[in-house]
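Chains as they are written, first to last, in my numbering: chain W, 1255 to 1626; chain C, 1255 to 1626; chain A, 680 to 1069; chain Z, 680 to 1069. The beta carbon of each residue, even a glycine, is placed where N, CA and C say it ideally should be. Being a predicted model, the structure only gives us computed values, none of them experimental. Structure record follows, encoded as structure tokens.
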């Protein structure tokens, strides 16, 4: 087991962080969130083409980096730290993973292979047309049906990243279809998370191409496991920003960070974040091994994901909430970027399985059976 | 609704408190707990005969005070504050209430009426032979059976107050029997609660006299509702004792009660106790009205009991635990009486329905149905 | 000789017989002039010099007639009026109280500053004397209703060379004066309930000073004590308020239920109920003339309950919880917990532990004033304000 | 020239070939004399002057032979020895280290006092010079093993007239000296793991002083740093430790299960697991030569987990939880979380957040040393000890 970061990972982190420091400052993110196009397409292009994050999980044979969940997790930490409005989680993690798993057993058809290559090159952005609130542990509702003429019809609510996507990957039962975003109607909703809004995707006779099998539990659990690293990044930013604030802010002629009640709360939060780091790293590490389904290793990775998602979700929310409180009135203002993190943290808590859903999964995964 | 104390109640409190201040100091309680007879029979006699607490709930026609749950609650607050080793809860509340309810519909037979009068006079002490851990919301296990010859047989574990009792009231199905303590075997166990130990009651062909019907839910819920006032008294003593300690104890040349982290914790505990007082008072007040079963008022009293028992149980434990922590090493020593309160609080949490069991009851009582 | 209940009732009955409630402003003006605004105020200032509790008699008799607006007039009625009564000159009282009460002039409060929140006495807005005038410069924040207000109650620093509590003076600020600029302050909910107020070379005649020069902290304390009394309350009905909202969703949407959410909902039901009971007990104590110290502390509980309940509400709704009802930037005059969506409630409730005294400050108050715990070492007691670290 | 790995191994192999492990004391004495006790100690003092990490080589070669007892010798090996090495005279080192290591002489620690817990430097035990001797009077507490001990490390106040950290001196205390009285200290569990030690006119020769007069705080800091390193750890295996105990009961006793308990058990499983992972990550960092600040903080988490888990355990067992395994007053040499009942674990775990640094002090340390938050105003820095409020 290694829960540390490798040198390669630290280099990847540094290049992402440098770019974000330059191109994705909180005030810019806030301005963009107020605009009609919340996603930063230019930043995403640069991240994809110069740093290659879009193809991180794509095998080298398709032009990707052939990296693992560990590296993707490090990118997510940095994107979380910046609440960066780019479709990395939705395209480069969820959609890419769905595509990779779709081809594991039967091999991808040409349309799938081409798409992987386009994703890796950063030419195309995809989204998995599944509710962001879907849990790995519950069967997906079957909102989309295959018409007799081979087109797709149905409505999927709360899809993240759809408005940034060129291609939608649409589950129909246990099959995954590829649909051009232009053939779907995508209505962005006012969203709690300003930097990753959700949309209603409506398909009415949209042409779709089958690209393979779809196993919702595996794909969503993979996404949930990696989302914990983004939550870690969100929590770390909130913790660091709040620490800086309480060191500076004086009331009663003392920095408010010198008051013991506040110090003790910060110490507890820091411990929570330190444990979130270990949990997120553990999930990424075990997912990186891509264990065969049904093996002991796969169960261990599932348990690690459930542990990390339930813990990191609540820690990110707690740190963001405490951050607002300790910023006092300032934390309640729109102009301070803290609320972008609070909203991301709160929405991510629900995303890909709530903390309660992941704890529930441990009933089976950790052999702690529910009452009869 | 009145959640305050009446003048009569305050006078009753004062006389109980004065007596306990004189006869039941914590150091004496501790010494007694180490002895072979944990109950203080002399103190109980004085409380019963001089102040009349044993007959508080007994109607005047039987020589009792004809008082209500409200007055009994005030006595319990004071007994909790002193962790007094007297069988008030077990004899004057649980056994007496079982007897009263036994006679509500059919009228008590002579044996029951005599017993009520003896209880009121403080001549006899009784115990309800039911596990202290029994919940009002689950059917009692049927440990006792009626033999063909009319005698009783069976073993009841974790009975509180049995070793202080002259008479046992033994439920057999939905009937209540009176058994002489001398006809049962009573083995006191080493108990978590040093001041209210539990015993195993074994009946082997013990003669029993039927005294009426037994409705476990109603009797135990009545006991649980009043136990919250004892828990309040425990919590109040722990809070006051801890406050006194942290005002006096200096470290770093300051009273430790001047450190903000400690002040904030005490403020939160105080709020918890203030709410426990309101909750316990509300339960006593609604039980005092003795609502007809099945009426709206009876449901309200049940909900009030469930709210109070779940809240007061956890508050008493929390205040006792924080008390130990804030007493530092001193709180870990046998010679400081704090541990008597911790042990009482922890055992009372389990007694007559755990906090979880009472919260569960609110699923129905407050119309918050469980998942299907 | 003070009036008794019967005499007050007679006045109210007689007043009602003689005036037309159809003319709102005229009716309220006449009610003030009849001494039925605040019966315990002096005659000529909206009152009759009667005992305070007789106000209820007036309210009963005049129920259903036009009333002052408890929303827009909250600061005027709740904070400015008692302060003007306690510290104003007779001229000031006569000038301000009548239109304050009728609502013809709206008031706001210029106390908090970006650098002075919990530690209000450290405020930096300067007022410098210039002949018969004061020149005021500074920035105030969290001012509700400033855009409607004709007048403000203002605390400013008139002597930076003495310890912070001693160098303050209290003014009535003319919100129409040149140099007063009001900007809406957008909150994390998207709305602006409050304003920032920038004061740049604002000239106020000395006749707008309330109380003595340097006595501003004492005057402000009167104002703030009246703020504290206004807070508290909470739902009276079992299962009402914020828990009721969540419980209704729970009851009507069985598909959302999980055991995890159920346990948390039950625990919050219990906490809501014991908090409601503590509030009810407090009201009984007040009614019995035994005011308890629970008052300021109840706000702590309501804040944390509102936050926990609204957070659970968002999570409970799953997919729907990811939506937000409306991010439009607009002014709002009040907190709308019941008309808006769960996302709004979640975000707005965060302010409950900050506004009107942070939970940290309230815990200090409970610990020191209720529990008698010693205060922390103070480093700012005897230091001139200008030398304090900031 | 320091020894390399191969040379150390050769010495260990040669030593083993030449000595009989059947004679425990003789074997340990000889091992000390061979420099294989602590290879990084100087020659003649149980070591070889070799790099510290080569101790592992010795341990591997001598595995299975008699070893010092990590229980009764914990304070000698972990705290006294490094302090004697750092501050002792050559005579003191030669006198004490060998029997300390072989276990022929047991050590205990006389630091904490009833009035000096978290604020150890405020301790009041006095040592007054009388010619070549010191006369010691005071009371120490929380002393484990005092009833077995031949020697103690002791901090006493030699100058009450200077600020508290400066008036302390460090001694080796002769536990057989007249005036030393050891009494078992009964705990809330019913057992006595610790003692109180009363010192009444105890005369110690100046040759038992460790370090300079007045330098006791610096010497004690060395001792305490070695204590901190020893703490931490926690279960290595997923589902091990205290959570494993509760989970086993849960699995084997389906009749005890409720949804309420289930949610709490699942939450504590998660917390146990993330805490275990944080400990594992810390060990990886240490192994990679990047010591993290998490070390002292982990104890905070273990204490609160032990408390929450043992509390749940009592509640989970219902009727059984009302029993206690044994209240007999007896001495015990160690904490027995696994051999005793749930009631014992519940009570004993309360000490986890007090012993070895309270959770309050540890949070201060994390806040100041890890997070860089400012310290609170200090009122005791420059005040002579005798003038401090107590």
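Below 9 angstroms between beta carbons: does that hold for residue i and residue j?
i                       : j                       : result
residue 1325 of chain W : residue 1310 of chain W : yes
residue 846 of chain Z  : residue 862 of chain Z  : no
residue 1330 of chain C : residue 1481 of chain C : yes
residue 1070 of chain A : residue 1604 of chain W : Residue numbering for chain A in the displayed model covers 680 to 1069; residue 1070 of chain A lies beyond these limits and cannot be assessed.
residue 1484 of chain W : residue 1301 of chain W : no
residue 1370 of chain C : residue 1415 of chain C : no
residue 1438 of chain W : residue 1383 of chain W : yes
residue 1443 of chain C : residue 1426 of chain C : no
residue 682 of chain A  : residue 720 of chain A  : no
residue 1421 of chain W : residue 1410 of chain W : no
residue 840 of chain Z  : residue 1065 of chain Z : yes
residue 1440 of chain C : residue 1002 of chain Z : no
residue 881 of chain A  : residue 834 of chain A  : no
residue 1538 of chain C : residue 1327 of chain C : yes
Assuming residue i and residue j form a contact by the criterion Cβ under 8 angstroms, report the distance between their Cβ atoms to the nearest whole angstrom.
i                      : j                       : result
residue 977 of chain Z : residue 961 of chain Z  : 7 angstroms
residue 784 of chain Z : residue 830 of chain Z  : 6 angstroms
residue 889 of chain A : residue 849 of chain A  : 5 angstroms
residue 860 of chain Z : residue 1009 of chain Z : Actually they do not touch by this definition, with Cβ atoms about 20 angstroms apart.
residue 951 of chain A : residue 983 of chain A  : Going by Cβ atoms, the distance from residue 951 of chain A to residue 983 of chain A rounds to 11 angstroms, so no, they are not a contact pair.
Work out the CA separation of residue j and residue i for me, nearest whole Å.
i                       : j                       : result
residue 1298 of chain C : residue 1341 of chain C : 7 angstroms
residue 691 of chain Z  : residue 955 of chain Z  : 36 angstroms
residue 1203 of chain C : residue 865 of chain Z  : This structure gives no information on residue 1203 of chain C, because the portion of chain C shown stretches from 1255 to 1626.
residue 908 of chain A  : residue 970 of chain A  : Summary for residue 908 of chain A: the model assigns pLDDT 48, below 50, so the residue's position carries little reliability; its value from the coordinates is reported in the next sentence. Computed Cα separation, rounded: 12 angstroms.
residue 912 of chain A  : residue 958 of chain A  : Residue placement at residue 912 of chain A cannot be trusted, given a pLDDT of 48 that sits under 50; the coordinates are not used to answer.
residue 1357 of chain W : residue 1536 of chain W : 26 angstroms
residue 1431 of chain C : residue 1563 of chain C : 28 angstroms
residue 684 of chain Z  : residue 732 of chain Z  : 9 angstroms
Measuring alpha carbon to alpha carbon, tell me which residue in the options is nearest residue i.
i                       : options                        : result
residue 1583 of chain C : Z/1025, Z/1018, Z/924, Z/867   : Z/867
residue 1257 of chain W : W/1549, W/1528, W/1598, W/1589 : W/1528
residue 803 of chain Z  : Z/701, Z/820, Z/810            : Z/820
residue 694 of chain A  : A/1044, A/737, A/1060          : A/737
residue 1418 of chain C : C/1484, C/1577, C/1295, C/1331 : C/1295
residue 1449 of chain C : C/1488, C/1618, C/1473, C/1469 : C/1488
residue 1593 of chain C : C/1403, C/1495, C/1277, C/1470 : C/1495
residue 1316 of chain C : C/1366, C/1412, C/1397         : C/1366
residue 786 of chain A  : A/813, A/854, A/770            : A/854
residue 923 of chain Z  : W/1497, W/1560, W/1581, W/1621 : W/1621
For residue i, name the three-state secondary structure that DSSP assigns.
i                       : result
residue 812 of chain A  : strand
residue 724 of chain Z  : coil
residue 819 of chain Z  : strand
residue 975 of chain Z  : helix
residue 787 of chain Z  : strand
residue 1262 of chain C : helix
residue 1063 of chain Z : strand
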